[in-house]
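Under this note's numbering, the first residue of the sequence shown is numbered 1, with each subsequent residue one higher. Think of the CB as a built atom: it goes at the ideal place given N, C-alpha and C, for glycine as much as any other residue. Just so you know, these numbers come straight off a predicted model, no measurement behind them. Only one structure is covered here, and it is reproduced in the block below.
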Amino acid sequence: MTADDTTLDASAPRLEVDALLDDPHTRIVVCCGSGGVGKTTTAAALGVRAAERGRRVVVLTIDPARRLAQSMGISELDNVPRQVKGVDESAGGELHAMMLDMKRTFDEIVEGHADADRARAILENPFYQSLSAGFAGTQEYMAMEKLGQLRANDEWDLIVVDTPPSRSALDFLDAPKRLGSFLDGKFIRVLMAPAKVGGRAGMKFLNVGMSMMTGTLSKLMGGQLLRDVQTFVAAMDTMFGGFRTRADATYRLLQAPGTAFLVVAAPERDALREAAYFVERLAAEQMPLAGLVLNRVHGSGASQLSAERALAAAEALTDQRAEDTDADAGTDAGDDTDAASAARAENNLETGGIVDLDGGKAGSRTAAGPSPAVAEHVTPTSASAAQLAAGLLRLHAERMQVLARERRTRDRFTALHPEVPVTQVAALPGDVHDLAGLRAIGDRLALNLTETDDTDTDD
1 MTADDTTLDA SAPRLEVDAL LDDPHTRIVV CCGSGGVGKT TTAAALGVRA
51 AERGRRVVVL TIDPARRLAQ SMGISELDNV PRQVKGVDES AGGELHAMML
101 DMKRTFDEIV EGHADADRAR AILENPFYQS LSAGFAGTQE YMAMEKLGQL
151 RANDEWDLIV VDTPPSRSAL DFLDAPKRLG SFLDGKFIRV LMAPAKVGGR
201 AGMKFLNVGM SMMTGTLSKL MGGQLLRDVQ TFVAAMDTMF GGFRTRADAT
251 YRLLQAPGTA FLVVAAPERD ALREAAYFVE RLAAEQMPLA GLVLNRVHGS
301 GASQLSAERA LAAAEALTDQ RAEDTDADAG TDAGDDTDAA SAARAENNLE
351 TGGIVDLDGG KAGSRTAAGP SPAVAEHVTP TSASAAQLAA GLLRLHAERM
401 QVLARERRTR DRFTALHPEV PVTQVAALPG DVHDLAGLRA IGDRLALNLT
451 ETDDTDTDD
């Protein structure tokens with residue numbers, strides 16, 4: 001394998017995407033990775049490909065940019081799965097898509113586990129409104145809640161999850177447990193104690209055992225906020241155990257054999273460093289890792305021409321052009337002796353008489369040959385051709401240097417994690433904004449660059 005080869009080493013395990021999607025035991029595919037590496041596009045492309053291969057698929061995205069809806073031709077995604085039109089259903093599959101509405105999902109939990117009066121009290125509580133709209137970890141927790149709901153319905157052959165954009169690999173795996181522990185933790189239980197005890201005993205307990213704590217909390221949180229929290233806790237009393245139970249159940253679902261994690265990364269140092277961290281964390285948590293999707297990999301149609309050879313050829317052309325320029329300068333004196341004849345030609349005066357150069361015929365000639373105007377347009381100078389060739393060679397050298405850098409970065413990852421199957425996705429010339437683009441990504445996911453090492457790709 002040459003230094004500029006973009007394909008994987010033959011010894012590296014390859015991720016067989018079609019086999020993964022076709023396996024009826026694969027029920028959940030989770031796309032994770034750092035921000036900006038193409039998780040949403042990858043999830044959508046997997047959904048399209050699986051549906052067109054005969055599976056009933058739903059894609060759950062948490063992407064606030066709504067790019068998934070645009071690429072699938074849907075005016076808007078919300079908390080309800082919507083069927084995607086334009087997907088080839090001849091194999092019997094369907095594609096649906098939805099975007100997580102964090103607050104609406106939390107509201108559904110409340111409405112599903114409380115009677116109408118209690119649910120209304122919770123939904124109208126100011127602390128709950130703040131918690132459901134943006135409390136740390138709520139988005140990740142609600143993503144897992146929605147995944148659990150979709151899987152429990154057993155309506156879909158395959159659920160593809162686009163994980164929330166996170167700064168750390170720990171957020172997606174830890175946030176559900178953190179929020180579940182908070183809602184079922186000692187702090188909440190302490191706040192709930194006065195409401196649960198009730199009567200004079202409750203007041204005595206509050207006055208004696210809680211006065212100092214609530215006084216301190218009132219200073220820290222504000223009196224009104226503390227009352228809102230206590231009201232919220234009292235209303236949520238019957239639901240607290242359910243949060244941790246559901247969080248644990250969803251966590252076990254992620255560890256189940258029917259789940260497959262795909263780590264998505266760009267062939268860049270920071271992205272692959274984060275990918276390696278994901279791989280290690282998934283292994284530590286006993287999460288089933290299917291492999292790495294190396295996205296937006298560059299290629300070249302002339303990979304046999306190395307960067308060094310291209311630069312050497314460009315330098316040779318530049319040196320030759322400089323020598324030709326010096327040689328042309330030596331003929332300037334001889335050119336001066338022809339100035340008079342050039343002037344006569346310019347004025348249509350030759351020894352044979354006046355020659356019509358302006359009669360509108362491309363073949364008009366002077367006695368000495370074709371008109372200067374025609375010659376200028378039909379005969380490119382060798383200097384300009386050499387300059388163009390040298391520029392193209394330098395561009396090719398830059399591309400090959402990018403390829404070599406991507407390969408070194410990829411090889412460092414595969415050396416550290418030789419057990420992780422990898423598929424490489426060649427970069428498309430432009431952004432993906434429709435089903436055709438998602439199909440192209442799906443084709444490249446399955447092709448794995450095993451036959452495209454000489455394909456010219458671009459960002």
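- Short of 6 Å from the beta carbon of Lys-39, and not among the five residues preceding or following it, lie these beta carbons of its own chain, in chain order: Cys-31, Gly-33, Asp-162 and Val-264.
- Residue pairing for Phe-413: DSSP places it in no beta bridge.
- In the displayed model, Val-48 falls within a helix according to three-state DSSP.
- Taking 8 Å as the upper bound for CB-CB distance, Ala-45 and Gly-442 are in contact here, some 4 Å apart.
- Per DSSP, reduced to three states, the secondary structure at Gly-391 is helical.
- Here Arg-444 is near Ala-426, since their CB atoms are less than 8 Å apart.
- Residue pairing by DSSP places Ile-159 opposite Ile-28 and Val-58 in a beta bridge.
- For Met-144, the enclosing alpha helix (DSSP H) stretches over residues 138-153.
- Across the structure, Arg-408 and Leu-393 are spaced so that their CA atoms are roughly 23 Å apart.
- Taking the Cα of Glu-155 as reference, the smallest distance to any Cα among Val-110, Gln-255 and Ile-28 is reached at Ile-28.
- Runs of the beta strand (DSSP E) spanning 3 or more residues and lying entirely within the region 245-326 occur at 259-265 and 289-297, in chain order.
- Distance from the CA atom of Leu-289 to the CA atom of Pro-13, rounded to whole angstroms, is 13 Å.
- Note that the C-beta distance between Leu-147 and Leu-60 is below 8 Å.
- Cβ neighbours of Ala-43 within its own chain (closer than 6 Å, five residues either side excluded): Cys-31, Val-59, Val-160 and Asp-162.
- C-alpha of Leu-317 to C-alpha of Ser-303: approximately 21 Å in a straight line.
- By alpha-carbon distance to Glu-315, the top candidate from Glu-274, Leu-388 and Glu-419 is Leu-388.
- Restricting attention to Ile-122, Gln-83 and Thr-245, the CA atom closest to the CA of Met-144 is found in Thr-245.
- Around the beta carbon of His-96, 16 or more other beta carbons lie within 10 angstroms, which makes this residue buried.
- DSSP places Met-102 in the uninterrupted alpha helix (DSSP H) bounded by 102-113.
- Non-local beta-carbon contacts of Val-48 in its own chain, meaning distances under 7 Å to residues more than five positions away in sequence, involve Val-87, Leu-95, Leu-435, Leu-438, Arg-439 and Gly-442 in chain order.
- Under a 10 Å Cβ-count criterion, Leu-395 is classified as exposed, with fewer than 16 other Cβ atoms of the shown protein chains found around its own Cβ.
- In this chain, the alpha helix (DSSP H) harbouring Val-17 covers 17-22.
- Relative to Asn-153, the option among Asp-22, Leu-311 and Pro-81 whose CA is nearest is Pro-81.
- Sequence-distant Cβ neighbours of Val-37 in its own chain, meaning closer than 7 Å and more than five residues away, are Val-264, Ala-265, Ala-266, Ala-271 and Asn-295.
- Only residues of its own chain outside the window of five on either side were considered, and among them Leu-393, Arg-394 and Ala-397 have a CB closer than 8 Å to the CB of Leu-311, listed in chain order.
- Your pair Gln-139 and Met-102 checks out as a contact, with CB atoms roughly 5 Å apart and the cut at 8 Å.
- In this structure, the beta-carbon distance from Arg-120 to Gly-93 does not fall below 8 Å.
- Taking the CA atoms as reference points, Leu-15 sits about 52 Å from Asp-117.
- By alpha-carbon distance to Asp-22, the top candidate from Ile-62, Ala-91, Gln-83 and Thr-41 is Ala-91.
- Shown here, Val-420 sits in coil according to DSSP, grouped into three states, outside any helix or strand.
- From the listed residues Gly-73, Gln-286, Asp-174 and Phe-278, the smallest Cα separation to Leu-292 is found for Phe-278.
- Counted as a single uninterrupted DSSP element, the alpha helix (DSSP H) harbouring Ala-116 occupies residues 116-123.
- The beta carbons of Leu-253 and Met-287 sit no closer together than 8 Å.
- Pairing Asp-107 with Leu-123 gives a Cβ-Cβ distance under 8 Å.
- Between the beta-carbon of Thr-41 and that of Val-432 there is about 5 Å, and that keeps the pair under the 8 Å contact cut.
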